[in-house]
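Asks: Every position in the sequence shown, counted from 1, becomes a number in our numbering once 5 is added. By construction, the Cβ of each residue, glycine as well, lies at the ideal position given by its N, Cα and C atoms.
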Amino acid sequence: MTAFSDLMSFQRDTEALGQIAGRLSWDQETMMPRGAAEQRSDEFGAVESILHQRRTDPRLGEWLAAIDEKTLTETEAAQLRHIRHGYDRSTKVPERLVTEIARTVSRAHLIWAEARADDNFKAFAPALKEIVALRQEEGQALADGGDTYDALLDGYETGAKAADLEAMFGALRPRLVALREAVLGQPKKAHLTTSFPEAGQMKLAIKLAESFGYDLTRGRLDKAVHPFSSGSGNDVRITTRTAELDPFNCFYSTIHEVGHACYEQNIDQAYRLTPLGCGVSMGVHESQSRIYENQLGRSRAYTGWLFKQMRDEFGDFGIADEETFYGAVNSIKNGYIRTEADEVQYNLHVLLRFDLERAVISGDLAIDDLETAWNDRFKADFGFAVDKASNGVLQDVHWSAGYFGYFPTYSLGNVYAGCLHEALRSAVPDLDTQLAEGNTQAATTWLKDNLQQYGGLYQPREVIQKATGKAPSEAPLLDYLEAKFGDLYGL
6 MTAFSDLMSF QRDTEALGQI AGRLSWDQET MMPRGAAEQR SDEFGAVESI
56 LHQRRTDPRL GEWLAAIDEK TLTETEAAQL RHIRHGYDRS TKVPERLVTE
106 IARTVSRAHL IWAEARADDN FKAFAPALKE IVALRQEEGQ ALADGGDTYD
156 ALLDGYETGA KAADLEAMFG ALRPRLVALR EAVLGQPKKA HLTTSFPEAG
206 QMKLAIKLAE SFGYDLTRGR LDKAVHPFSS GSGNDVRITT RTAELDPFNC
256 FYSTIHEVGH ACYEQNIDQA YRLTPLGCGV SMGVHESQSR IYENQLGRSR
306 AYTGWLFKQM RDEFGDFGIA DEETFYGAVN SIKNGYIRTE ADEVQYNLHV
356 LLRFDLERAV ISGDLAIDDL ETAWNDRFKA DFGFAVDKAS NGVLQDVHWS
406 AGYFGYFPTY SLGNVYAGCL HEALRSAVPD LDTQLAEGNT QAATTWLKDN
456 LQQYGGLYQP REVIQKATGK APSEAPLLDY LEAKFGDLYG L
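(1) Could you tell me the alpha carbon to alpha carbon distance between Asp347 and Arg59, rounded to whole angstroms?
(2) Which term fits Met36, buried or exposed, when burial requires 16 or more other beta carbons within 10 angstroms of its beta carbon?
(3) Can you tell me whether Asp317 is buried or exposed, with buried defined as 16 or more other CB within 10 angstroms of its CB?
(4) Hey, is the region 74-94 in contact with the region 111-126, meaning 3+ C-beta pairs nearer than 8 Å?
(5) Beta carbon of Phe174, beta carbon of Ser336: below 9 Å?
(6) From Thr245, Thr222, Gly91, pick the residue whose C-alpha is nearest to that of Ala204; which is it?
(7) As a quick exercise: from Arg277, Arg223, Ile211, Thr199, pick the residue whose alpha carbon is nearest that of Tyr257.
(8) Along the beta strand (DSSP E) that carries Ser235, what are the first and last residues, could you check?
(9) Check each candidate in Trp451, Glu479, Asp484 and name the one with the smallest Cα separation from Cys267.
(10) Spatial neighbours of His403 within its chain, please: C-beta separation below 6 Å, excluding the five flanking residues on both sides.
(11) Between which two residues does the alpha helix (DSSP H) containing Asp360 stretch?
(12) Is DSSP giving Thr245 helix, strand or coil here?
(13) What's the gap between the Cα of Leu139 and the Cα of Ala183?
(14) To the nearest angstrom, how far is the alpha carbon of Arg39 from that of Arg121?
(15) Quick check: what's the CA-CA separation for Val433 versus Thr19?
(16) To the nearest angstrom, how far is the alpha carbon of Tyr297 from that of Ala132?
(17) In terms of alpha-carbon separation, which member of Val420, Pro465, Leu483, Gly309 lies closest to Asn444?
(18) CB-CB under 8 Å to Ser304, same chain, minus the five flanking residues each way: which ones, in chain order?
(19) Since Leu493 contacts Ala187 with CB under 8 Å, what's their CB separation in whole angstroms?
(20) Which residue wins for smallest C-alpha separation from Lys453, given the options Leu483, Met315, Asn271, Arg466?
(21) May I have the straight-line CA-CA distance separating Leu77 from Ser10, to the nearest angstrom?
(22) Look up Leu226 in the DSSP assignment and say whether it is helix, strand or coil.
(23) Is Asp240 helix, strand or coil by DSSP?
(24) Pick out whichever of Gly91, Gly302, Ser395, Leu209 has its Cα sitting closest to the Cα of Asp62.
(25) Just to check my reading of the structure: Leu177 and Asn352 have Cβ atoms closer than 8 Å, yes? What is that Cβ distance to the nearest angstrom?
(26) Just to confirm the assignment: which complete alpha helix (DSSP H) runs, minimum length 4, are found wholly within the region 118-165?
(27) Within 8 Å, do at least three Cβ pairs link the region 225-235 to the region 318-336?
(28) Can you tell me whether Asn299 is buried or exposed, with buried defined as 16 or more other CB within 10 angstroms of its CB?
(29) Can you give the beta carbon distance from Lys97 to Ala146, rounded, assuming they're within the 8 Å contact cut?
(30) Could you give the first and the last residue of the continuous alpha helix (DSSP H) run that contains Asn271?
(31) Could you check what DSSP says for Tyr321 in three-state terms: helix, strand or coil?
(32) Could you name the residues of the same chain whose beta carbon sits closer than 8 Å to that of Leu370, not counting the 5 residues immediately before and after it, in chain order?
(33) Which of the three DSSP states is assigned to Ser478 in this structure?
(34) Looking at the unbroken alpha helix (DSSP H) that takes in Gln458, where does it start and where does it end?
(35) Along the alpha helix (DSSP H) that carries Asp93, what are the first and last residues, could you check?
(36) Between which residues of its own chain and Ala333 is the CB-CB distance below 7 Å, once the five residues before and five after are set aside?
Okay, here's the thing in structure tokens:
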């Protein structure tokens, strides 16, 4: 065997073990009995220790050094790029630290969940201090004297720099704030006032998932506190949540996670259990979930179809017609929760988190001051006060999982989705006619052919540029939002 084939054989086993670790995480969120938390922490630590040993195995360095890159195909070169990037990062982080992070975040997750239920940030603060200290240590090891936060960000969005994102987000902010203020100055849209049984919500959620092409023979839909997607290739699972008075929470959480899941299901099967066999970055991943959820799922055409489905399932629920329903789906109103935020205000939630977590990692913001800083920033950005910790600093799972550097990829994904939507509309001029029938095939096929099938073959910005013919920019997203909500609210 050649050095490249030896490397790929070894890597496939590592990728398979990584999928097993992901399945443990999925189980913890969905099925695991409460009393298993401490044992699961040890299981996570053991698996992560083995994975780290494989990711830092000296043979990787030997194979990488022995391979003549001039002899590789484009696909082989991309595989090598990912493996080298992962190896370089992994060898900079001691196994002790990797194992300690895995054990700490596993324990911290339960502490966070209980603190969130009790609206008690102080109960979670000690665990968060431990996580931050470990992530700071990891970031410093990865940065080699460079920016610690950039080093953590690179784990989610290869090549991204916080300063560049700050400039992009700075361009987003003024127009988003202006649009928010203009819309909130208009009469409010209709809203749902009746209850929707959970069984009916879950039944319709499955129908919506299938309408976007989610293959349930290679996936499943379950409930979780915080909806998420897990897995790749032929085992890609999603979760949603239900609220009796708010079925949109269930339906659009489902569509959002279906966007993530379809990306993974639609990657070329030849890449399965290789570094190319999963989404190339969190930002590109989020572009898929957001374009499914918003530009497609919340469009006037698709919501017209959804209105009919809800009437069939729940009967008369107090909304008179499709246009009124479209306004209800896209209603702009004050709210605390990022995952429930409308398109206009969503990125303001992300920018808040991006700035706070950068300050935490740099040491400029102490954990004991984090809740106050959150509440002050929220009041400044949204114009009203946070009422309780579960609606504020404790609402997201990310920090309890140690995911520092993850949050900005949400807004980056929205920017990418804006670029893709602009190109999609040009490529499929009769898109609304199809969406009005609940038919997303033209849209999802375009996304599969132009982005999803490639998995990790191209770099994040590169795959967006190849799909759209343009360098990524915040302008298409802002133009779309202003046009959509200007029309809806008569601005």
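Replies: Taking the structure as given:
(1) Here residue 347 is taken as the residue at index 342 of the sequence shown, counted from 1. Here residue 59 is taken as the residue at index 54 of the sequence shown, counted from 1. Their Cα atoms are separated by approximately 43 Å.
(2) For the purposes of this step, residue 36 is taken as residue 31 along the sequence shown, with counting starting at 1. Exposed, by the Cβ-count rule.
(3) One-based indexing of the sequence shown puts residue 317 at position 312. So Asp317 counts as exposed.
(4) no
(5) By 1-based counting over the sequence shown, the position of residue 174 is 169. By 1-based counting over the sequence shown, the position of residue 336 is 331. Cβ atoms of Phe174 and Ser336: not closer than 9 Å.
(6) Start at 1 with the first residue of the sequence shown, and residue 204 comes out as number 199. Residue Thr245 is the option with its Cα nearest to Ala204.
(7) On the sequence shown, residue 257 is found 252 positions in, with the first residue counted as 1. Ranking the options by Cα distance to Tyr257, first place goes to Ile211.
(8) In the sequence shown, counting from the first residue as 1, residue 235 sits at position 230. That run of the beta strand (DSSP E) goes 234-237.
(9) As a position in the sequence shown, residue 267 is number 262, starting the count at 1. Nearest option by C-alpha distance: Trp451.
(10) Numbered from its first residue, the sequence shown carries residue 403 at position 398. Excluding residues within five positions, the ones whose Cβ falls inside 6 Å are Tyr411.
(11) The residue you call residue 360 lines up with position 355 of the sequence shown. Unbroken alpha helix (DSSP H) run through Asp360: 351-367.
(12) Here residue 245 corresponds to residue number 240 of the sequence shown, with the count starting at 1. Note: Thr245 maps to strand in three-state DSSP.
(13) Sequence index remark: in the sequence shown, residue 139 carries index 134 (1-based). Sequence index remark: in the sequence shown, residue 183 carries index 178 (1-based). One C-alpha to the other measures close to 39 Å.
(14) Looking up residue 39 in the sequence shown gives position 34. Looking up residue 121 in the sequence shown gives position 116. Going by the C-alpha atoms only, they are around 16 Å apart.
(15) Within the sequence shown, numbered from 1, the residue matching residue 433 stands at position 428. Within the sequence shown, numbered from 1, the residue matching residue 19 stands at position 14. So the alpha carbons of these two residues sit roughly 40 Å apart.
(16) Here residue 297 corresponds to residue number 292 of the sequence shown, with the count starting at 1. Here residue 132 corresponds to residue number 127 of the sequence shown, with the count starting at 1. Looking at the two C-alpha atoms, the distance is approximately 35 Å.
(17) Position 439 of the sequence shown holds residue 444. Comparing Cα positions, the closest option is Gly309.
(18) Counting from one through the sequence shown, the residue named residue 304 turns up at place 299. Once the five neighbours on either side are set aside, the close Cβ partners of Ser304 are Asp437, Leu440.
(19) In the sequence shown, counting from the first residue as 1, residue 493 sits at position 488. In the sequence shown, counting from the first residue as 1, residue 187 sits at position 182. Incorrect: roughly 12 Å between the Cβ atoms, too far for contact.
(20) Numbered from 1 along the sequence shown, position 448 holds the residue referred to as residue 453. Per the Cα distances, Asn271.
(21) As a first step, residue 77 is located in the sequence shown; it is residue number 72 there, counting from the start. As a first step, residue 10 is located in the sequence shown; it is residue number 5 there, counting from the start. Roughly 11 Å separates the two Cα atoms.
(22) Within the sequence shown, numbered from 1, the residue matching residue 226 stands at position 221. DSSP places Leu226 in strand when its eight states are reduced to three.
(23) Taking the sequence shown and counting its residues from 1, one reaches residue 240 at position 235. Three-state result, Asp240: strand.
(24) Counted from its first residue, the sequence shown places residue 62 at position 57. The option with the nearest alpha carbon to Asp62 is Gly91.
(25) Here residue 177 corresponds to residue number 172 of the sequence shown, with the count starting at 1. Here residue 352 corresponds to residue number 347 of the sequence shown, with the count starting at 1. Going by Cβ atoms, the distance from Leu177 to Asn352 rounds to 6 Å, so yes, they are a contact pair.
(26) 126-148, 153-158
(27) no
(28) Along the sequence shown, one-based indexing puts residue 299 at 294. Looking at its Cβ environment, which holds 16 or more other Cβ atoms inside 10 Å, Asn299 is buried.
(29) Residue 97 sits at position 92 when you count from the first residue of the sequence shown. Residue 146 sits at position 141 when you count from the first residue of the sequence shown. Yes, Lys97 and Ala146 are in contact; Cβ-Cβ is about 5 Å, under 8 Å.
(30) Position 266 of the sequence shown, counting from 1, holds the residue named residue 271. Asn271 -> no alpha helix (DSSP H), and no H or E assigned at all.
(31) On the sequence shown, residue 321 is found 316 positions in, with the first residue counted as 1. At residue 321 the sequence reads Asp, which differs from the Tyr that was named. Coil, per DSSP.
(32) If you number the sequence shown from 1, residue 370 lands on position 365. Cβ within range, chain order: Leu361, Ala364, Ala378.
(33) Walking along the sequence shown from the start, residue 478 turns up at place 473. Ser478 falls in the coil class under three-state DSSP.
(34) Walking along the sequence shown from the start, residue 458 turns up at place 453. No alpha helix (DSSP H) holds Gln458; DSSP gives it neither H nor E.
(35) Taking the first residue of the sequence shown as 1, we reach residue 93 at position 88. That run of the alpha helix (DSSP H) goes 79-96.
(36) As a first step, residue 333 must be located in the sequence shown, where it is residue number 328. Closer than 7 Å at the Cβ level, and outside the excluded window around Ala333, lie Lys194, Ala195, His196, Leu197, Ile324.
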